[in-house]
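So the sequence lines, in the order shown, correspond to chains B and S.
Once you know that position 212 of the first sequence is 212 in this note's numbering, the rest is easy, because the numbers rise by one and skip nothing.
Once you know that position 190 of the second sequence is 190 in this note's numbering, the rest is easy, because the numbers rise by one and skip nothing.
For each residue, glycine too, the CB sits at the ideal point set by N, CA and C.
For clarity, every value in this text was computed on a predicted model and none was experimentally measured.
Here is the structure we will look at, set down as structure tokens.
Number of protein chains: 2
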Amino acid sequence: MATQKNITSSRISKIQDSRKLIPTVDELTLGILKSDKTALARAITLVESTKQENLEKANAIIENCLAKKTDSIRIGITGVPGVGKSTFIESFGKQLTSLGKKVAVLAVDPTSTETKGSILGDKTRMQELVKDEKAFIRPSPSGISLGGVTRKTRETIILCEAAGYDVILVETVGVGQSETAVHSMVDFFLLLKLPGAGDELQGIKRGIIEMADAIVINKADGDNVKRARNASIEFSRALHLYPPKVNGWTPKVLSCSSIENTGLDKIWEMILNYILENKASNFFNSKRQKQNKNWLLQTLDDQLKQQFYQDKKVAKALEKLIEDVINNRISPFRAAEKLLRAHHK
Amino acid sequence: MATQKNITSSRISKIQDSRKLIPTVDELTLGILKSDKTALARAITLVESTKQENLEKANAIIENCLAKKTDSIRIGITGVPGVGKSTFIESFGKQLTSLGKKVAVLAVDPTSTETKGSILGDKTRMQELVKDEKAFIRPSPSGISLGGVTRKTRETIILCEAAGYDVILVETVGVGQSETAVHSMVDFFLLLKLPGAGDELQGIKRGIIEMADAIVINKADGDNVKRARNASIEFSRALHLYPPKVNGWTPKVLSCSSIENTGLDKIWEMILNYILENKASNFFNSKRQKQNKNWLLQTLDDQLKQQFYQDKKVAKALEKLIEDVINNRISPFRAAEKLLRAHHK
């Protein structure tokens with residue numbers, strides 16, 4: 001009995017110790033503002049958590065971080081698997097840190113569980129950048145839906161910016177809805193292509209080309225140089241078929257080699273020009289404001305649905321009503337009415 | 001004073017008379033079941049109405065109609081403006097009515113207010129079919145969002161089927177999300193193309209080709225015959241690049257001339273084969289059941305949002321909170337929380 005008591009009290013003190021180790025909202029916020037990578041990583045883990053208590057902490061930290069005025073540039077990078085996104089980000093990231101910029105790399109990859117082409121899943125693919133003091137790399141949160149990933153990524157951007165990262169690179173794989181999501185949270189959207197392959201073969205959807213602020217032809221090295229030049233002319237011509245962008249920007253086509261480190265400076269120059277132009281016209285700011293508003297509306301949609309489907313009265317009635325609707329026993333509208341009434345009771 | 005009284009009472013009796021003229025739910029249901037086109041058209045008008053009292057009537061009629069077992073075939077038809085959708089539908093429709101089928105033509109055209117390429121807006125484009133006793137043509141409801149159009153179209157399909165129409169042709173313009181919507185409510189999805197123009201030029205998105213159960217090359221007449229043959233070979237080859245359909249169906253490529261009335265019989269034969277095959281494997285039925293289920297879930301989403309945003313407490317708080325979110329004074333999650341709390345209070 002006495003032994004048991006001892007064990008219990010030692011257990012309690014262990015738990016108390018571990019509790020002390022969980023940093024508070026204030027500790028994490030201060031850590032982030034001091035650009036402490038460990039605090040940043042821990043805060044992101046909180047953000048990615050689905051536990052209610054962690055969510056509340058995460059929201060508080062986000063709110064603290066939102067208050068910090070920053071001067072960041074958010075760049076979305078997409079392209080089909082094989083186009084060399086990781087190598088490009090590694091080289092481009094190194095280019096930026098060599099200019100004194102602090103760079104954060106995030107990933108939106110809702111498909112990683114289905115396809116094997118996971119992005120950023122393996123940090124070792126960016127060996128140089130990972131070792132760079134000025135870089136912070138965070139792989140995609142796994143096991144959550146696109147909506148979830150989007151939410152986490154937006155929040156993570158805020159945290160990285162508060163931690164002093166100047167350039168946020170958001171990587172996504174060019175196969176689904178994730179581009180639209182990433183496009184809705186960045187200032188500049190960059191589409192990577194290979195020299196010499198048609199759109200159909202590259203699996204690029206028309207809508208994604210429309211979203212691009214620039215097309216960068218990667219792997220323009222060795223035997224590819226000539227093909228890259230031809231592709232560049234072709235893409236420039238193709239881009240002219242699209243209506244002009246709201247901000248008056250004409251999407252550019254550039255080439256680069258991530259291996260030979262050529263063309264990367266021109267890409268950065270182009271992005272800086274874009275940002276300057278758009279800040280001067282106030283488009284930059286109004287776009288961010290619009291993105292914030294959409295972020296709210298999307299959050300509302302998500303939460304509304306979540307509250308509804310987690311309601312036990314709804315869950316109980318839903319199964320039977322789905323059966324009825326499937327077999328034409330009741331119209332979807334009548335069924336919806338019943339479920340909404342159950343929810344609001 | 002006496003005159004005034006007389007006017008008033010004559011007005012009242014006029015109103016009473018006109019009220020008598022508004023058919024009841026039972027009258028409309030019976031009219032539809034007797035295949036009365038006037039009753040059908042009136043019921044669709046009720047379905048398209050946004051007035052609460054009309055909605056309730058509409059729902060009751062839908063429910064009555066859902067109870068009727070029918071053996072209809074729902075066909076979605078898409079293609080960019082200029083591909084000849086109206087002419088195709090006119091010729092194909094006439095082909096079907098000549099075989100004794102009753103044909104209803106509906107349109108999903110959420111873009112008609114923006115672009116000028118309205119579909120079915122001008123019934124005179126189908127002069128022959130309009131005069132056909134066995135055909136019923138209903139233009140797209142105007143001035144409502146895609147979600148709204150979709151909802152109305154689904155309901156209209158149910159009404160037409162109860163009125164004894166064997167084949168429902170749902171026309172949509174190949175430029176936006178409307179294809180996905182139409183695809184989700186038909187048994188067979190047909191993509192019209194022109195001979196000799198590439199995908200990029202035809203403005204067809206890759207996702208739409210993936211949805212197609214058949215590609216029909218229209219205007220395969222005169223000088224186009226050879227080009228149509230080449231296009232047919234090309235498209236067949238392109239289709240093989242896509243993964244096979246869940247039901248094992250390999251999308252077919254056919255040619256036709258809506259002007260010379262050639263190839264239309266082969267298209268109908270192909271569709272009938274598809275239906276036979278899919279009924280035998282029970283895919284037909286399980287697809288319709290899945291569509292019904294999605295219809296319910298979509299209705300729930302729509303209604304949830306509608307109730308939320310129409311809530312005066314929400315509307316009152318929303319404007320201010322959007323301002324706060326836009327200016328980074330509050331996080332979208334905190335703002336969403338506040339709005340949801342206001343809604344449930």
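Spatial neighbours of alanine 58 (chain B) within its chain, please: CB distance less than 8 Å, with the 5 preceding and 5 following residues excluded, ordered by chain position. Ala43, Leu46, Val47, Ser49 and Glu155
Can you tell which of S:Glu128, S:Leu106 and S:Phe188 has its C-alpha closest to the C-alpha of arginine 151 (chain S)? S:Leu106
To test your reading of the DSSP string, which unbroken alpha helix (DSSP H) runs of 4 or more residues are found completely within the region 38–102 of chain S? 52–66 and 85–98
Is isoleucine 275 (chain B) closer than 8 Å to phenylalanine 284 (chain B) when the C-beta atoms are compared? yes
In or out: glutamate 319 (chain B) buried (at least 16 other Cβ within 10 Å) or exposed? exposed
Could you check which residue in B:Ile267, B:Glu260 and B:Arg229 has the C-alpha nearest to that of phenylalanine 188 (chain B)? B:Ile267
When Cβ atoms are compared, which residues of the region 331–343 of chain S fall closer than 7 Å to chain B? Ser331, Pro332, Phe333, Arg334, Ala335, Ala336, Leu339 and Leu340
For isoleucine 215 (chain B), I'd like the list of residues in its chain whose CB is within less than 6 Å of its CB, leaving aside the five on either flank, ordered along the chain. Leu191, Lys193, Phe235 and Val253
Does valine 246 (chain B) come out as helix, strand or coil in the three-state DSSP assignment? coil
Residue-level contact to chain B via CB, asparagine 282 (chain S), 8 Å cutoff: no
Need the endpoints of the alpha helix (DSSP H) that leucine 348 (chain S) sits in, please. There is simply no residue 348 (chain S) to check, as chain S begins at 1 and stops at 345 in what is shown.
Per-residue burial, asparagine 218 (chain B) [other beta carbons within 10 Å of its own, 16 or more giving buried]: buried
Roughly how many whole angstroms lie between the Cα atoms of leucine 340 (chain B) and aspartate 301 (chain B)? 15 Å
Whole-Å CB distance - isoleucine 168 (chain B) paired with arginine 74 (chain B), under 8 Å assumed: 5 Å
Grab me the residues of glycine 31 (chain S)'s own chain with a C-beta within less than 6 Å of its C-beta, minus the 5 sequence neighbours each way, in chain order. Ala39
Touching or not, the region 256–267 of chain S and the region 79–94 of chain S, by the rule of three or more beta carbon pairs under 8 Å? yes
What would DSSP say about leucine 192 (chain B), mapped onto helix, strand or coil? strand
Short Cβ contact (8 Å threshold) for glycine 263 (chain B) with alanine 220 (chain B): yes
Closest Cβ-Cβ distance between valine 325 (chain B) and chain S: below 8 Å? yes
Indicate whether at least one CB of chain B lies closer than 8 Å to the CB of lysine 305 (chain S). yes
For valine 314 (chain S), name the three-state secondary structure that DSSP assigns. helix
Distance between methionine 126 (chain S) and proline 139 (chain S) (C-alpha atoms, nearest Å): 11 Å
Which residues in the same chain have their Cβ closer than 7 Å to the Cβ of alanine 163 (chain S), if we skip the five residues on either side of it in sequence? Ile32, Ser35 and Leu40
Going by DSSP in three states, phenylalanine 284 (chain S) sits in which element: helix, strand or coil? helix
Closest Cα partner of phenylalanine 308 (chain S) within the set B:Ile208, B:Asp311, B:Leu55 and B:Gln303: B:Gln303
Grab the span of the beta strand (DSSP E) containing glutamate 171 (chain S) for me, first residue to last. 167–173
Checking contacts by CB at 8 Å: is threonine 153 (chain S) closer than that to chain B? no
Would you say threonine 299 (chain S) faces chain B, with C-beta separation under 8 Å as the test? yes
Taking the Cβ atom as the reference point for each residue, do phenylalanine 136 (chain S) and lysine 37 (chain S) lie within a distance shorter than 8 Å? yes
When S:Ala104, S:Leu297 and S:Ser178 are compared against alanine 315 (chain B), the one with the closest alpha-carbon: S:Leu297
What does a CB cutoff of less than 8 Å around aspartate 223 (chain S) pick up in its chain, not counting 5 residues either side in sequence? none
Report the residue from S:Asn273, S:Glu171, S:Ala317 and S:Asn328 whose alpha carbon sits nearest the alpha carbon of isoleucine 77 (chain S). S:Glu171
Rounded C-beta distance between leucine 241 (chain B) and proline 251 (chain B)? I'm assuming under 8 Å. 11 Å between Cβ atoms; not a contact.
According to the neighbour-count rule (16 or more other Cβ atoms, all chains shown, within 10 Å of its Cβ), is serine 281 (chain S) buried or exposed? exposed
Report yes if the C-beta distance between alanine 336 (chain B) and lysine 313 (chain B) is below 8 Å; otherwise report no. no
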